[in-house]
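Colleague:
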Amino acid sequence: MKSDIFSARRYANDGLRLRSSSPLSLQRPELLAPAGNWDCAKAAVENGADAIYFGLDRFNARMRAQNFTEADLPQLMTFLHRRGVKGYVTVNTLIFPKELAEAQQYLRTIIAAGVDAVIVQDIGICRLIRHLSPDFPIHASTQMTITSAAGVEFAKSLGCQLVVLARECSLQEINKIQQQIALQETSLPLEVFVHGALCVAYSGQCLTSEALGGRSANRGECAQACRMPYDLIADGEIVNLKERKYLLSPQDLAGLDVLPDLVKSGVTCLKIEGRLKAPEYVANVTRVYRQALDGVMTELERPNPLTPFPHREGGMKAPLSVSERDWGRGQSEEHYNLEMAFSRGLYTGWFSGINNQELVHARFGKKRGVYLGEVTRIHNEQVTVKLEAPLKPGDGIVFDCGHPEAKEEGGRVYAVVSKGKETILTFGRNDLNLRRVHIGDRIWKTSDPELDKQVRQSFAGENPQFQRPIDLEIYGEVGQALIAIARDQYGNIVQIESAISLVEAHTKPLDTDRLQEQFGRLGNTPFCLGTLTNHLIGAIMLPVSELNRMRREIVTQLEELRSQPKRWQLRSDVSFQDLLPSSSPTSPTSPSLIVLVRNLKQLQAALKAGVETLYCEFEDPRAYREAVQIVRQQQQDSSLLTPNSALITPNSPLPTPHSKLPTIWVAPPRITKPGENWILQQVRACEADGYLIRNYDQLQFFAADRCIGDFSLNVANPLTADYFQQRFGLERLTASYDLNISQLQDLLTSCPPQWFEVTIHQHIPMFHMEHCVFCAFLSTGTDYTNCGRPCDKHEVKLKDRVGTEHVLKADVGCRNTVFNGTAQTGAEYVQRLIELGLRHFRIEFVNETPEQVSKTIHRYRQLLQGEITGSQLWRELKLQNQLGVTRGPMGVSALRS
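Count along the sequence shown from 1, add 123, and you get the number used in my numbering.
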């Protein structure tokens, strides 16, 4: 049934490949490193980062990091700017209504401190920043889930100056986005993650930690459920995947091998993940990418230099190295260093497209290191292995028996003795229990003290170890002062004159070599000499002591210039309250029940139950046509029973808001990438009454249609709600699933409550992923072209450690959603919400039978009509549903508000 859908997708992707080859102007991307504390910031700077990003003690997506404080900002920014490094603050979480006043003061502090930009998720916060300051730079976080040119255009409309693309974008898709935004004149600089941990779910769309423990990833509290083991259940039976249990844990991203392609794509910034990591990780990974990027630029610039500084980017004292070269399976020193820094396995992620067999190996979800080989013999307290990587006494190893969740044997190696092609390892007495080590166990190197020492030395001490170039121009003639003009990469210029006039030289005149020697003595400063242009006239001389004084003065003045905080505009006479929507009278109408169904049988049960507003979310968009026809037939049958009503046909005008005829709204997929508008065209072809809007592309595509904003738009405060209402004219907005009851009340009292609908019963969509579990573990294929479509043939669930079975569904784009196996209800809060003026309540079904659908609808209708209480409904559903119903995030303690 779906073969032509996937043929269309293949055609679209082939077209994408053909159209994405035009070259963009070459530029040197900024290297952006993470910093969870002062040592990490120093490690990044001393190893060549062009910029760092860091969080403060509130509103950042890594609340578990040590983080900086607002009081640290002036000193930190002075340090960074003196070293020619930019500093970006992360404000990349959703902001709740009662936090807006605090967020406003927080932003004022950040802007006044001369920070170079903020990285933002919340749409309302983008509006607030632009209201406070017309010129302070905003970077759209990857948490904004931007996957297309429409997303970039949306960010630009908010006042953003840069977009961090979703990590799921391939190089082909990045190139296509670049072309489209250039054609549409909506270009913004693009940033991509180049290295580090990969979330399995789209950033900004993961509700797993929220659903399972009330710890929201959109609030910086991710509990990393993706790194846990799961059983795969297909058609009621556990699939034997042997040691593969970590079905949702991707390998770590390493874009080292595709750096030339990333540079050619025109991305402005390459970002390293890791604000929770140690300074040694930051130093190691930053240095590897600094050296690799400089090497790539040298190669690409050789035939045709295009950048202002085609010479050496900067100076490092010595490369990090391992004692053995050309080891193992052709692995490079750089890969070795990256794997020792932190590795769950390294992979290019989605840069080269989708390969579901490679992205998730599923054998473990934690740090391993460098693979050494398998145990071949255990004898006399010694272990024999055929080494595939270097190992020396003092290194730390771990034995992997295929059960990473259990305690594993490991320790320091005491002796390493080569014996032919094999190596015998000896350990300290009583360091290991070799009875728990088996032939065939994998061995991983987890520690290299020699490398660790080199890494720590790279940022030890007070003197700068990484230097950035300055260019000098030298002018002068006999009888005049010597003039030195120095420029750094950021446009800072100083001019220094000698206190002594130049005199004619009888021996050893000042030539270019002597000038370079004297002005190049920049040790223990942040600078190294780039180009020196000699404009001296005649054979002249100046005492060396005066040249040294001038050099020191250049350093002092440049450091002083760099240290000046950025002076962004900051308006003192404005407030977030200026942006709040005006209140309007609440609707006198009675509460209405909205039902979302995921198959035709559920739809028919909902229609039979008399539901007036129906949402459909089907895997196959072509099935929407039949769904609409079923509802139109119901409308026609109902109208024939109504006196004086005209016959309704499929092409009749839409029912009025006061009509009791059912209306049907259909949902496009959550994600839209370049080349996927054909899916939206298929959705619209069903001619439904309206559409659920999930992303920025759909805001554009369905602009002329009736639309309702879904939960994936992350509406958590009145500034965000007002933006979608006023700019896009959405009929209603679904309140964010991150809000508990207290925060939801705050939202409803800060906006007209008729703007919203609230989902009060659902299996929360926890993970929404590019990773296809069906393809990875129920086929040998790499993607939709060769997987055999197991999603059409099997009912699949993922069973977690506590025994809950979570439903797995695929959409038309082959993206997977894991739905919480336990339904959650907000029934106990419905009466309170009605009193606040809320009139639209949604319940959702996933794989319930028609009988379950009918019964659940009946109970919620009784609840809305006041016939039963929320507590009664909660107790009944808890008994009715085999897995039980939880109160979910809505019931989480209001302490979070």
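Beta carbons are placed, not taken as given, at the ideal position from N, Cα and C, and that holds for glycine.
Let me know the secondary structure DSSP gives Gln612 once reduced to three states.
Modeller: coil
Colleague: CA-CA distance, His262 and Leu659?
Modeller: 46 Å
Colleague: Which same chain residues, not among the five before or five after Gly453, have their C-beta less than 7 Å away from its C-beta?
Modeller: In this prediction, Gly453 has a pLDDT of 44, which is less than 50 and means its spatial position is unreliable; what the coordinates show is noted afterwards. Once the five neighbours on either side are set aside, Gly453 has no close Cβ partner at all.
Colleague: With a Cβ-Cβ cutoff of 7 Å, do Arg965 and Thr882 count as a contact?
Modeller: yes
Colleague: In whole angstroms, what is the alpha-carbon distance linking Glu999 and Asn970?
Modeller: 19 Å
Colleague: Ends of the beta strand (DSSP E) at Gly351?
Modeller: Position check: residue 351 holds Met in this sequence, whereas Gly was assumed. DSSP places Met351 in no beta strand (DSSP E); its state is neither H nor E.
Colleague: What is the DSSP secondary structure of Tyr1063, reduced to helix, strand or coil?
Modeller: Only positions 124 to 1020 of the chain appear in this structure, which leaves residue 1063 out of reach.
Colleague: Quick one: measure Cβ to Cβ for Gly643 and Leu652, integer angstroms, because I've assumed they're closer than 8 Å.
Modeller: 4 Å
Colleague: Output the boundary residues of the alpha helix (DSSP H) element that contains Phe900.
Modeller: 896 to 901
Colleague: With a threshold of 16 other CB atoms inside 10 Å of the CB of Lys489, please say whether the residue is buried or exposed.
Modeller: exposed
Colleague: Tell me, please, which residues DSSP counts as bridged to Glu360.
Modeller: Ala357
Colleague: Tell me, please, which residues DSSP counts as bridged to Glu620.
Modeller: Ile606
Colleague: How about the segment 795 to 802 and the segment 816 to 830: do they share at least three Cβ pairs that are nearer than 8 Å?
Modeller: yes
Colleague: Who are the near neighbours of Thr232 in its chain, counting only those whose CB is closer than 6 Å to its CB and skipping five residues on each side?
Modeller: Glu193
Colleague: When you compare each of Val789, Ile300, Leu217, Leu199 to Ala272 by their alpha carbons, which one comes out closest?
Modeller: Ile300
Colleague: Restricting to Cα atoms, I'd like to know which of Gly813, Thr648, Ser715, Phe182 is closest to Gln954.
Modeller: Ser715
Colleague: Taking just the CA atoms, how far does Gly960 sit from Pro876?
Modeller: Going by the C-alpha atoms only, they are around 6 Å apart.
Colleague: Three or more C-beta pairs closer than 8 Å, one from the segment 376 to 391 and one from the segment 483 to 503: is that the case here?
Modeller: no
Colleague: Residues in its own chain within less than 8 Å of Asn767 by CB, not counting five upstream and five downstream?
Modeller: Because the pLDDT of Asn767 is 46, which lies under 50, any placement of that residue in the model is unreliable, and the number read from its coordinates should be weighed accordingly. None.
Colleague: Within 8 Å, do at least three Cβ pairs link the segment 321 to 334 to the segment 880 to 900?
Modeller: yes
Colleague: With a 10 Å radius around its C-beta and 16 neighbouring C-beta atoms as the bar for buried, classify Val617 as buried or exposed.
Modeller: buried
Colleague: Inspect the beta-carbon positions of Pro632 and Met673 and report whether they are closer than 7 Å.
Modeller: no
Colleague: Pick out whichever of Gln988, Ile787, Ser706, Gly813 has its Cα sitting closest to the Cα of Thr872.
Modeller: Considering only alpha carbons, the answer is Ser706.
Colleague: Starting from Leu385, trace the alpha helix (DSSP H) in both directions and tell me its first and last residue.
Modeller: 382 to 388
Colleague: Ends of the beta strand (DSSP E) at Gly336?
Modeller: It is not in any beta strand (DSSP E) - Gly336 instead sits in the alpha helix (DSSP H) that spans 331 to 336.
Colleague: How far does the alpha helix (DSSP H) with Met267 in it reach, from first residue to last?
Modeller: No alpha helix (DSSP H) contains Met267, which DSSP labels as neither H nor E.
Colleague: Return the CA-CA distance between Glu627 and Gln641, expressed in angstroms with no decimal places.
Modeller: 19 Å
Colleague: Give a yes or no on contact between the segment 304 to 315 and the segment 459 to 470, applying the rule of three or more CB pairs nearer than 8 Å.
Modeller: no
Colleague: To the nearest angstrom, report how far apart Thr795 and Thr270 are at their CA atoms.
Modeller: 7 Å
Colleague: Give every residue of the same chain whose Cβ lies closer than 7 Å to the Cβ of Pro352, excluding the five residues on either side of it in the sequence, and list them in chain order.
Modeller: Lys368, Tyr369, Glu528, Arg924
Colleague: Pick helix, strand or coil for His981, following the three-state DSSP scheme.
Modeller: helix
Colleague: Assuming Asp1022 contacts Pro260 under a Cβ cut-off of 8 Å, what Cβ separation, rounded to an integer in Å, is found between them?
Modeller: Here the chain has residues from 124 to 1020 only, and residue 1022 is not among them.
Colleague: Indicate whether Ala156 and Phe177 have their beta-carbon atoms separated by less than 7 Å.
Modeller: no
Colleague: Does DSSP classify Ile477 as helix, strand or coil?
Modeller: coil
Colleague: Just confirm the distance between the C-beta atoms of Phe879 and Arg855, as a whole number of angstroms; I'd bet it's less than 8 Å.
Modeller: 6 Å
Colleague: Run through the DSSP bridge pairs and tell me what Thr192 is partnered with.
Modeller: Answer is none; Thr192 lacks a bridge partner.
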